[in-house]
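Participant: Chains as they are written, first to last, in my numbering: chain A, 46 to 616; chain B, 3 to 307; chain C, 1102 to 1300.
1. Helix, strand or coil, according to DSSP, for residue 142 of chain B in the structure here?
2. What did DSSP end up calling residue 1125 of chain C once you bin it into helix, strand or coil?
3. Looking at C-alpha atoms only, which residue of A/496, A/325 and A/372 is the closest neighbour of residue 391 of chain A?
4. If you reduce the DSSP assignment to three classes, tell me which class residue 173 of chain B lands in.
5. Using a Cβ-Cβ cut-off of less than 7 angstroms, give me the residues of the stretch 255 to 278 of chain B that come near chain A, in sequence order.
6. For residue 298 of chain A, go through chain C and note every residue whose CB falls closer than 7 angstroms to its CB, in chain order.
7. Do residue 191 of chain A and residue 124 of chain A have their C-beta atoms within less than 7 angstroms of each other?
8. Apart from the five residues on each side of it in sequence, which residues of its chain come closer than 7 angstroms, Cβ to Cβ, to residue 244 of chain B?
9. How about residue 43 of chain B: is its C-beta nearer than 7 angstroms to some C-beta of chain A?
10. Does residue 204 of chain A get closer than 7 angstroms to chain B when you measure Cβ to Cβ?
11. DSSP state of residue 500 of chain A, grouped into three classes?
12. Give the interface partners of residue 1245 of chain C over in chain A, defined as CB-CB distance under 7 angstroms, in chain order.
13. Let me make sure I understand the geometry here. Which of C/1208, C/1146 and C/1284 has the alpha-carbon closest to that of residue 1156 of chain C?
14. Verify the CB distance criterion: does residue 268 of chain A have a CB-CB separation below 7 angstroms to chain C?
15. Starting from residue 226 of chain B and walking both ways along the alpha helix (DSSP H), at which residues does that stretch end?
16. Assuming contact is defined by CB atoms lying nearer than 7 angstroms, are residue 633 of chain A and residue 542 of chain A in contact in what I supplied?
17. Spell out whether any CB of chain A is found under 7 angstroms from the CB atom of residue 1123 of chain C.
18. Does chain A have any CB closer than 7 angstroms to the CB of residue 253 of chain B?
19. With 9 angstroms as the limit, tell me which residues of the stretch 205 to 234 of chain A have their beta carbon closer than that to any beta carbon of chain B; keep them in chain order.
20. By the three-class DSSP mapping on this structure, what secondary structure does residue 31 of chain B have?
21. Hey, residue 349 of chain A and residue 257 of chain A: beta-carbon distance below 7 angstroms or not?
22. How would you label residue 60 of chain A, buried or exposed, when you count the other beta carbons within 10 angstroms and need 16 or more for buried?
23. Can you tell me where the beta strand (DSSP E) holding residue 239 of chain B begins and where it ends?
24. Name, please, each residue of chain A whose Cβ falls closer than 7 angstroms to the Cβ of residue 216 of chain B.
25. What does DSSP give as the partner residues of residue 605 of chain A in its beta bridges?
26. If the cut is a Cβ gap below 8 angstroms, which residues of chain A does residue 1266 of chain C touch?
27. Pick out whichever of C/1280, C/1291 and C/1285 has its Cα sitting closest to the Cα of residue 1191 of chain C.
28. Between the beta-carbon of residue 1201 of chain C and the beta-carbon of residue 1225 of chain C, is there less than 7 angstroms?
29. Have a look at B/227, B/299 and B/250 and flag the residue whose alpha-carbon is nearest the alpha-carbon of residue 368 of chain A.
30. Write down the C-beta distance between residue 428 of chain A and residue 52 of chain B rounded to the nearest angstrom, noting that I regard them as a contact closer than 8 angstroms.
31. Counting pairs of Cβ atoms below 8 angstroms between the stretch 126 to 140 of chain A and the stretch 311 to 324 of chain A, do you hit three or more?
32. For residue 1176 of chain C, which residues in the same chain have their Cβ closer than 6 angstroms to its Cβ, ignoring the five residues on either side in sequence?
33. Compute the Euclidean distance between the alpha carbons of residue 213 of chain A and residue 264 of chain A, then round it to the nearest angstrom.
34. Where does the unbroken alpha helix (DSSP H) through residue 174 of chain A begin, and where does it stop?
35. Can you tell me whether DSSP reads residue 243 of chain A as helix, strand or coil?
36. Nearest to residue 199 of chain B by alpha carbon, out of B/275, B/80, B/212 and B/214?
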């Protein structure tokens, strides 16, 4: 099809094409993923070798005077590591990049319904990243009140110097605006632009995941925006929404606890926002590489919807130790534990997909199975935190850190890598090297488990969070060896990612040209050849089948049939 | 340097190998700090039960995974079975398994937890043998206040130096605003170190001076947040004497990591001796500053539910 | 394999293929998000007010209160003038549409200016964002609403430009969308007015 000749700028920079915008999010996400990962290395170094200077190969003498990190630096590191990984790595990678790239292709649409809004969303997001990085150059340093930024610590009362908190608040607000624009686009596109024949229960589960994520985004990101507006006013205008002047109960003006409620009413759905795309992608990938339909597709979709609904009423489990009323604590515990039921069911459906399949262990499959493993483990360890009594002990310890890194970091990272390996041929028209992919897998999977499982061990031993030097405490001195071990494993995990970087860059530049459908997958994106033209499909496809028609008994010459291909008639 | 790393690493691995010796499926192979509290074992039990059941279930999942990976791996002639898993039988089985997980773990730990909260953690002791202490964390210290002989808490006394105070007939004094206080001059106010007697319930009320902190006793398995504008309460009881650590469990600034306190549990005798020997830490003539909030902390004991 | 023939054979610029309902749905989702923002702010207000134990209506009984009512009337008026404008649009009266849209814009700007005047008067009376929690809540709610009114004004400018660029017929859908947004801001203000001044 012809399209007016586009300049470089309108084709690659200010493009309204969802595939280009998806790649722009991909580059931003990967950049911040490595930025955040590097910060993790610094944190690990400090925790295990508190008395040593940060070494040269971790840029110690470049970043810190004499290579010695101070506790201010440490608090900034843990704050920004969390903030960056959640909002500037996972969000752009899973939701921005894959949401944009995959949604129109998988539903048979020519583009998102609001292409200009899409472009605007990316550039707002880019601006938020600029503000965030700029905060590092402030004289007082960047934000240092934790990614949760509880007031009054995050207000002038807390004593954190300079404008770091202000920049932090502004950058997240901008990022939130970008997310809301994206949510509008994704929801409307999925509702309105599905190709004829694609009912809701013929959509790939990836689309279900992205659809539900966007609904949560649309509803709950404004909630944190409200909280951040109030916090920003406390920071710059001298208001006292979250600051109270009396140190004992009496006439209350501001209320720090209000912030915690507002934050976690957003914060809990946020963790589901981050994981839902992965649940969808993994459900689809397990099906593609087991060569059979996703087991219990409808039940899985319904479970995902149920979890989305429940996720909005369980936020109090982050606040059990705040002194809330017993009745409230019990209510939150009960509701949180209810989420086990749909979670177990769709997890079993994952296993059901593998059962009696024809398993092909390509890199995307390895990573998908790994998600099964880490999410299973991570999800089960959530039980300790859901229960009020065990949470009294485990709250604010490394146990929680291990738990959320399993469910959030490990699952999402492995899921994101599965998605990259899977869609790389479609995004770039080249193949990634499978051997390097498998090497990357094992070099990541094993250290990853050794890092985060041991964090839970440390948490159970009482190691609390966000402390610059654990050796200050007698009861933590026995953990020195384990801390060191975790750091070494973390460094190996970090180093292993360079296998991926090399594979990625080399394949983009010199990789073998990929076939149209290297995985023999049934979804619509595999019917078009890369580089995919603007408008995607030469003609609007008609959908006849579901997304997982593998090993269909009526299809005898191969073990798959595309969604847009009608089933052969009985001969 | 390398030797230190290797030695610590090896000791980390040998510790890991010792986990088979631990009870209750010891998946968390390093023990928590010694539990010296009356009710801490309840938390340990809930954790151990959860350990056991999730090890069984995850173990089954791992075995299933290994089995599937081996049995259903692709090889010439092997085909997948076209099964959408949406038959009534399959849905019923998965839902049943989901409910089994829910009832065998969730419902049990919830019941245990509700029971423990009702019987112990939210069941505040009353009576004469309860030790009452007010705790005020600040950046970056713990302040403790014990009631004096009058057994009541009050703000710091400034009766000696300020002529605006008046004593009323009840032998309590009234400040310039006409607010009445009982005699606070006998309160014992300390920093960093908290003493409690063994085998007696201790109720603390906690409110911070500046930002959110959290009072964490690893050896008692309990913690409670201190949020500005609120007074929270928590109770615990020690079964053994000894010296234990108090940690701050909520990020409170750049010296949060150093904000540790000392909890001294001693016999009834020693405790009384210690209490009597404490000087009243009130404001002194030379450095008293009426505008400095830290001199005026303290609140009338709130009646706990 | 057969492909159902659709009205669109050749893929064309996606934005021109979407129908009215699609854009409407998109705006609805955006309005739902803005609603959640204000719901959170209002719930925070409620909690702060209940816990404060004392409250008062800003400028009660004196001139500022009257000014607040005048502002509300101005904004409601602007919704009225917009209704006239959109009726002209559906009757294809392009220049009348432009005139009445400009009147709506002027009223909107007048509302903002008047809000700022209200702020200034209250500040000179000592009622600032820092003086009390009542002040903080007041300036926060009116300020965030004001920012959204600015967005609404931008939408009004946009529709005038778009109608000038293409013609009125192609933009009927967009006129309705701008109206929805502008009326939404108006209704939002009524809710805020009730919450701040009446309850």
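All C-beta atoms in this analysis are idealised placements derived from N, C-alpha and C, irrespective of residue type, glycine included.
Facilitator: In brief:
1. coil
2. helix
3. A/325
4. Note that residue 173 of chain B has pLDDT 46, beneath the 50 cutoff, so the model's placement of it is unreliable and no number is given.
5. 255, 256, 257, 258, 259, 260 and 262
6. 1153 and 1234
7. yes
8. 38 and 267
9. no
10. yes
11. helix
12. 274
13. C/1146
14. yes
15. Counting along the chain, residue 226 of chain B falls outside any alpha helix (DSSP H), though it belongs to the beta strand (DSSP E) covering 224 to 228.
16. Beyond the ends of chain A as shown, which are 46 and 616, falls residue 633 of chain A; an answer cannot be given.
17. yes
18. yes
19. 205
20. coil
21. yes
22. buried
23. 234 to 239
24. 366 and 441
25. A/595
26. Under the 8 angstroms cutoff, chain A gives no residues; its nearest Cβ is about 14 angstroms from residue 1266 of chain C.
27. C/1280
28. no
29. B/227
30. 6 angstroms
31. yes
32. 1212, 1287 and 1290
33. 22 angstroms
34. 160 to 179
35. coil
36. B/275
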